[in-house]
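Protein chains in written order, with this note's numbering: chain A, 51 to 729; chain B, 51 to 729.
The beta-carbon is built from N, C-alpha and C at its ideal position, and this holds for glycine as well.
Please read all numbers here as calculations on a predicted model, not as lab measurements.
Protein chains: 2
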Amino acid sequence: MRILLLLLTPVLVASTAAADEGMWLFNDLPVELLKQRHGFEPSAAWSEHLMRASVRFNSGGSGSFISSSGLVLTNHHVGADTLHKLSTADRNLMENGFLAAAADAELKAPDLELSQLISIRDVTDEVQAAVSAGTSTAAAATARRAVIARLEKSATETGRLRGQVVTLYGGARYHLYQYRLYSDVRLVWAPETAIAFFGGDADNFEYPRYCLDACIFRVWEDGQPATTPDFLRWSADGPQENDVVFVSGNPARTSRIQTVAALSHQRDHALPATLDRLRRYEILLQQYGLRGTEQARRARDELFSIQNSRKARLGMLAGLQDPRVMQIKTTAEQELLQAVRQDPELRQLAGAWDKVAATASERAQHSSGIPSIRSTLLRRALQLLQLAEEDQKPDEERLPEFSDASRASLEQQLFSDAPIYADLEQVLLAEWISELLEARGADDPLCIEVLDGLSGAERAAAAISSSRLSDPAVRRELASSGLQTLQQSADPLLKIAALLNPEIRRDRESEDAFAEQDRQAYAAIAEAGFAVRGTSVYPDATFTLRLSFGPVSGYKQNGETIPAWTTIGGAWKHQQQHAGQTDYSLPASWQQAHDKLNLQTPFNFVCTADIIGGNSGSPVVNREGELVGLIFDGNIQSLPGNYIYTDRQARAVSVHSSAIREALRVVYRANRIVEELGR
Amino acid sequence: MRILLLLLTPVLVASTAAADEGMWLFNDLPVELLKQRHGFEPSAAWSEHLMRASVRFNSGGSGSFISSSGLVLTNHHVGADTLHKLSTADRNLMENGFLAAAADAELKAPDLELSQLISIRDVTDEVQAAVSAGTSTAAAATARRAVIARLEKSATETGRLRGQVVTLYGGARYHLYQYRLYSDVRLVWAPETAIAFFGGDADNFEYPRYCLDACIFRVWEDGQPATTPDFLRWSADGPQENDVVFVSGNPARTSRIQTVAALSHQRDHALPATLDRLRRYEILLQQYGLRGTEQARRARDELFSIQNSRKARLGMLAGLQDPRVMQIKTTAEQELLQAVRQDPELRQLAGAWDKVAATASERAQHSSGIPSIRSTLLRRALQLLQLAEEDQKPDEERLPEFSDASRASLEQQLFSDAPIYADLEQVLLAEWISELLEARGADDPLCIEVLDGLSGAERAAAAISSSRLSDPAVRRELASSGLQTLQQSADPLLKIAALLNPEIRRDRESEDAFAEQDRQAYAAIAEAGFAVRGTSVYPDATFTLRLSFGPVSGYKQNGETIPAWTTIGGAWKHQQQHAGQTDYSLPASWQQAHDKLNLQTPFNFVCTADIIGGNSGSPVVNREGELVGLIFDGNIQSLPGNYIYTDRQARAVSVHSSAIREALRVVYRANRIVEELGR
């Protein structure tokens, strides 16, 4: 995306730049840019503190320490995975919320892991040195995997520290990140979904909003609340309009570096296929949820996640299908290519664009058609089998998720005692079988073996009901039983996993080779960009810590001015405007607190910071590094941001820090928490 | 499907047959079979009366006359299209139901047309004579279309009678049907959707059920209720368990004659693609409905129809994906093929199976990728353009829907004053543009022309808001303005239609050629079946009148006995069992009537009659020809019936006639109607 940076936001050539594009690396912050645009020079201490106050959730989001005793603030929708796993038919934390009256009432999450980034080292030279010029793609992938495994292991201390090599700029740079891990994470407070997700799927990715999309966890160590000296203090009032604010979080993935050929492939093939699959599971889970209120509860979290993805991807597709967006990408690519071709030293890089195009079209032809597995139990069966296989290899040769550096995290998932619902598993497995039959044709030998003479629904019912894998103790026992035991097991899910495994491994191998081809090509494209346009650019998002920033600022839409923030009182008006619609009823706790609440308190606000999925739960801070907000969404206009940043209408949406404090104090009377904030 | 008839239900070789398979032609009823199995010999008068008491709805269902003054009974979900079109934001007939207090309060449907079959003539020889052996496929299709147009015109009297040539046995037989048309159809009574569709999408295609899926229209002529001497009298008590009952209705389509190659194509390609498209529009309409209660009302009817199709097709796909179903089809096909190959006189027919396979795979490659149009206004634009083009040709050369025989029906649709909602049209058009871009790739020149430099959403908004086609008077004026005016029109929808038209016409031409190839091949396959297995077989469903029959009979499911009928009192238990779920609340009218209702009244019942979509609204009669029920659904096990009939668990689901009368009398106090029934 550095290719486009100059074109869209000429910040590096002119100080009159209009936009605050960028998801910046903490070890390469745009100091000059911040000074020019916002008169702000972040000190090393400022950024180090913010980095260490930020955490990543393994369930796919961001968060921050907000007290010295391990309190962590994130979104309700980031915590939802845990809220769901901690809920039962009789204790519905999603619907009713939760507040721990005392520290010993905080609820331990079954499999939540938080990572705090503590150091970054550039290891590009070491990684690139491992791959000699002229090596075959497969050999290059193997060599790269080996050096990365060694580097990661060097920074890992089981259960406490984890090393991770991050591929940046599409493959032009490699950094070794060291994380402090927290795997004893406990739920402290969560509001009701009715207010956390007020307006439901209809309001998701929309603005104005009125959502208390927040919840609070605490990290524990050795049976005590952990000591977390780097935490964010609460701002007294939050930001004013046009104040610049800073977002520290883990944007998961952007594709701004992608070539026009790769984007066209996304637009015409990959995204439409993903959307078909998302809609398929959305309908399936809706149908399952129609069976009864308990089934609706069981499906709720996964259904939300699918609906969220569906809406996000529709926005991305709309961006790519807009001819003006593609025109901008095409022009920028042609300009860069022309500069490359005219420069004798760069000329040899020009082939990279063709390589990307070739890889995109080859990729589709090499898939086995085995769809990604949605049944948790079948996924566990495959993990057990592959774990036993990988354990027979040295660390460097293993698939990365089975490496020593990843082992503790893998086992936390594999042996989690989060509930698994047999009826839901059946439905998911039956649908997956149907997908498999569609993808490969039902006459395919693998399909026939999987069905074993039954219909898909009967096969799924038989396999789930007679498998023993839903018991974590059984999984733990099987994990140490060795490959032969697993291969000879009569467990029907292990048998299905064994049928699939050879082709899934072949898929993985070819995907690794294609990824290596892409890495080599994009590394060349990035180097071309550095040479032509300079190196003060940020890499695409990689679900690692980045800093974004921009002013708090409303926008115009269909002739209307959309204000920069909403108020708590506005939630009641919003409820009234949507009378008769589901998901627009404020919960009883709020109705009761109405008269005591300061209705003028800012509720949600927007800023132009450059964010994307994964940033959910990111703290928003002011120049003083004080917490002023909590990112929870982007508006619909921000979704093409996967490919291209604009600040005309695209906005990041946050819960205002004052609204969180007001709700904690007045609605939830969470005095214990309020007192601990900022201490 | 005659191929399979003997194999699955050996009724013609053994009187111990277990099943009542068959959707029989009224001019070729299985008299011998009925006598053997049920000791019943339908007289010519019995069947003629039943045929003339039956009607077909152009909105896609069946019905029957139930008084001598034109009262017509059908399903609420068949009438829903009209209920929706007659509703506004302030008058929601779907939600609140309707009862006309007097004849002059009956509400005229905007575009409903009922067809009463009055005669059948075998015209096979005339149609086949028009196609000489050795003619090219395209020439054969043209010649066949011409002779069919002539025959249809000979039986048509504009506005009163319509001729229709029906292709039977896949192309082995052609019958000329003459219909009496009723185009002044008025709504008399409809219950609330809450009871008509009690249990909603969750209960759809399930059993036991508790639905009053009924409504009543009246046909008018010359400003008076029409005189309809052939009508069904109401049975005093309805059927007992194991009584044989008869269903007279219009099953829309079955594919039982299809070869294994064609079914595999359905299973692995066509059905999955259709399901993707259905889910796509289901999510789209759900999302649109989330905008507000009025939007939910606007989308309701179309959303129901899509959900209904989605569930039906999932059941069909589950049937084809069941290896045992395909094994039965394969064995039957191989047996017939073997018999054909061994018989010197039949041997030349054996190539037909390969032709079907070739056509199925060719078809997919010849499509322009233009998706079927969901925006009513864009569809109207295309119709106007094609109408002007077709009018320049003689009747015999026109596309069938523009022939003289079809003209009155076409104009009723084209000039209908049913409401068209601009916001919904925008959403549907934008989604269709997105589909078009996905199908053809967004760089395709047609896509670029359609977008005209805008995003799909912007293009749709601009086109819908500035088109004048939503005014029926404008459409009427344009329809008589001539081709040149239409081609030069600045109306954006006519411009888009003009862009699409050439390719849509090419699609149509190749589809006509493929259909002709299929007709020739299936005619040969059917003749082979006649020769090997006899001619006492029924043809696949063609949305024309058929007679089905079978006993009222419960079944076993997961070890449970499912009773043959439910009672009105059971609806309250069902409501209680589903407390907290949407679509399980009995309407206020029923709650109020509870104490006055006879709770023992049978509500819904099941029988083994062979039905499929299109049979909705079919009368169910007893041996005396009295009305005992109203078909409204098949259970989930009946859905593979598109390919294969079984009576183990597959059942047709009806509203019991006594429940309709009890509700009319007690809940709706519709004395005017109750008194008219059977008079």
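Next on the checklist: Between B:Gln-567, B:Glu-344 and B:Phe-296, which has its C-alpha nearest Trp-403 of chain B's C-alpha?
Outcome noted: B:Gln-567
Next on the checklist: List, in chain order, every chain B residue whose beta-carbon is nearer than 8 Å to that of Leu-636 of chain A.
Outcome noted: Those within 8 Å of Leu-636 of chain A in chain B number zero; the least Cβ separation is about 18 Å.
Checklist entry - The beta strand (DSSP E) with Cys-657 of chain A in it runs from where to where? => result 652 to 657
Checklist entry - Excluding the five sequence neighbours on either side, which residues of its own chain have a C-beta within less than 6 Å of the C-beta of Ile-53 of chain A, listed in chain order? => result Note that Ile-53 of chain A has pLDDT 25, beneath the 50 cutoff, so the model's placement of it is unreliable and no number is given.
Next on the checklist: Here's the rule I'm using: 16 or more other beta-carbon atoms within 10 Å means buried, otherwise exposed. How should Ser-707 of chain A be labelled?
Outcome noted: buried
Next on the checklist: Just to confirm, is the Cβ distance from Trp-482 of chain A to Arg-424 of chain A under 7 Å?
Outcome noted: yes
Item to check | Cβ of Gly-491 of chain B within 7 Å of any chain A Cβ | outcome: yes
Checklist entry - Taking C-alpha atoms, which residue in A:Gln-534, A:Val-717, A:Ala-150 and A:Gln-699 lies nearest to Gly-609 of chain A? => result A:Gln-699
Checklist entry - Can you find a CB in chain A that lies within less than 7 Å of the CB of Ile-612 of chain B? => result no
Checklist entry - At a Cβ threshold of 7 Å, is Gln-699 of chain B touching chain A? => result no
Item to check | Proximal residues to Val-310 of chain B (C-beta, below 6 Å), its chain only, five neighbours per side dropped | outcome: Lys-379, Thr-380 and Glu-383
Next on the checklist: I need the straight-line Cα distance from Ala-431 of chain B to Leu-519 of chain B, nearest angstrom please.
Outcome noted: 7 Å
Checklist entry - Anyone know if the C-beta pair for Ala-591 of chain B and Ile-694 of chain B falls short of 7 Å? => result no
Next on the checklist: So for Ala-69 of chain B, helix, strand or coil by DSSP?
Outcome noted: coil
Next on the checklist: Between B:Thr-206, B:Gln-436 and B:Gln-371, which has its C-alpha nearest Asn-551 of chain B's C-alpha?
Outcome noted: B:Gln-436
Checklist entry - Which two residues bound the contiguous alpha helix (DSSP H) that contains Gln-166 of chain B? => result First-last for Gln-166 of chain B: 164 to 172, but that is the beta strand (DSSP E), not the alpha helix (DSSP H).
Next on the checklist: For Glu-446 of chain B and Ile-307 of chain B, what's the separation of their Cα atoms in angstroms?
Outcome noted: 29 Å
Item to check | Interface residues of chain B facing Ala-507 of chain A [CB-CB closer than 8 Å] | outcome: Ala-368
Checklist entry - Can you find a C-beta in chain A that's less than 7 Å from the C-beta of Gly-630 of chain B? => result yes
Checklist entry - What did DSSP end up calling His-706 of chain B once you bin it into helix, strand or coil? => result strand
Next on the checklist: Check whether chain B comes within 7 Å of Arg-329 of chain A, counting only Cβ atoms and requiring the distance to be less than that.
Outcome noted: yes
Next on the checklist: With H, G and I counted as helix, E and B as strand and the rest as coil, what does DSSP make of Ala-512 of chain B?
Outcome noted: helix
Item to check | Rounded separation between Arg-303 of chain A and Ala-410 of chain A - CA only | outcome: 18 Å
Checklist entry - How should Asp-521 of chain A be labelled, buried or exposed, when 16 other C-beta atoms within 10 angstroms of its C-beta is the threshold for buried? => result exposed
Item to check | Inter-residue Cα distance where the pair is Val-678 of chain A and Val-295 of chain A | outcome: 8 Å
Checklist entry - Helix, strand or coil: which one does DSSP assign to Ile-266 of chain A? => result strand
Checklist entry - Can you tell me whether DSSP reads Val-524 of chain A as helix, strand or coil? => result helix
Checklist entry - Going by the beta-carbon positions, is the gap between Val-656 of chain B and Ala-629 of chain B smaller than 7 Å? => result no
Checklist entry - What does Pro-421 of chain B reach in chain A if we use C-beta pairs closer than 8 Å? => result The premise fails here: Pro-421 of chain B is roughly 12 Å from chain A at the closest Cβ pair, so nothing lies under 8 Å.
Next on the checklist: Using only CA atoms, which one of B:His-315, B:Ala-548 and B:Lys-623 lies nearest to Arg-490 of chain A?
Outcome noted: B:His-315
Checklist entry - Between Ser-603 of chain A and Glu-91 of chain A, what straight-line distance do the alpha-carbon atoms span, to the nearest angstrom? => result 21 Å
Next on the checklist: Quick check on the burial criterion: 16 or more other C-beta atoms within 10 angstroms. Buried or exposed for Ala-638 of chain A?
Outcome noted: exposed
Checklist entry - Less than 7 Å separating the beta-carbons of Phe-682 of chain B and Ser-668 of chain B? => result no
Checklist entry - Hey, Thr-426 of chain A and Glu-475 of chain A are a contact pair by Cβ (cut 8 Å); roughly how many whole angstroms apart? => result 7 Å
Next on the checklist: Considering only the alpha carbon of each residue, which of B:Leu-262, B:Leu-328 and B:Phe-354 lies closest to Glu-651 of chain B?
Outcome noted: First, the residue type needs correcting, since residue 651 of chain B is Thr and not Glu in the sequence shown. The shortest Cα separation from Thr-651 of chain B among B:Leu-262, B:Leu-328 and B:Phe-354 belongs to B:Leu-262.
Checklist entry - Hey, would you say Ala-576 of chain B sits closer than 7 Å to Ala-222 of chain B, going by beta carbons? => result yes
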